[in-house]
Amino acid sequence: MANANQKPRIKRSELPAGESLCNYCTAKCCRYFALPIETPDTREDFEFIRWYLLHDRASVFTEDDTWYLLVHTVCKHLGDDYRCGIYETRPQICRDYTTDNCEYDDDWTYQRYFETPEQVEEYADAVLCEPNNPRFRSRKPALLPVI
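Structure below.
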């Protein structure tokens, strides 16, 4: 549903001189936060990631081989007009953020994206290659009959 206070969506390349890209956006950058996490390399590391994903509105993704915990949550100061309600006193991380490389045009495709603990468990089973793990390989197929 379009917001009455928002201008129609345009391409970044069509932005009129002197205009802010934020005037055409629905504030993607204010609807989540992502924190880098250590690259998992043990079963215990993957168990922590599974635990993260047991929490509502959390996912994990990788980008350029860095792992991130992504929390899908809207900033409590985002207004109905998609503008910051505390713009003059916003945190430094918001002040440092620019539209030069923002997600306005992004389609949110990641190298790896996990939404469920089961996805993480399956991935861990595949990459850890623990031969004693019963889930490591499919069951041995029956022998073919000798003719």
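Letter by letter, the sequence shown follows residues 7 to 153 in the numbering used here.
Virtual Cβ for every residue (Gly too), placed ideally from N, Cα, C.
Task: Nearest candidate by alpha-carbon position, reference Q125, set Y58, A40 and G85 - done: Y58
Task: Cβ pair Y74, A40 closer than 8 Å - done: yes
TODO: Return the bridge partner residues of P42 from the DSSP annotation.
DONE: P42 is bridged to Y74.
TODO: Answer with buried or exposed for I153, where buried requires no fewer than 16 other C-beta atoms within 10 angstroms of its C-beta.
DONE: exposed
Open item on the list: Along the chain, where does the beta strand (DSSP E) containing V126 start, and where does it finish?
Closed with: Element bounds for V126: not the beta strand (DSSP E) but the alpha helix (DSSP H), P123 to L134.
Task: R56 - containing alpha helix (DSSP H), residue span - done: R49 to L59
Task: Buried/exposed call for L150, threshold 16 Cβ in 10 Å - done: exposed
- [ ] Look at the Cβ atom of E109, then the Cβ atom of S65, and state whether they are nearer than 8 Å.
- [x] no
TODO: Within its chain, find whatever has a CB closer than 8 Å to the CB of P46; leave out the 5 residues flanking it on each side and keep chain order.
DONE: F52, F54, I55, W73 and A130
- [ ] From the DSSP output, read off the bridge partner residues of V66.
- [x] L75 and F120
TODO: Quick one: using the 10 Å Cβ neighbour count with 16 as the cut-off for buried, is L76 buried or exposed?
DONE: buried
Task: Chain-order list of residues whose beta-carbon lies under 6 Å from that of T105 (same chain, five-residue window excluded) - done: Within its own chain, the residues whose Cβ lies closer than 6 Å to the Cβ of T105, once the five positions on either side in sequence are excluded, are L27, listed in chain order.
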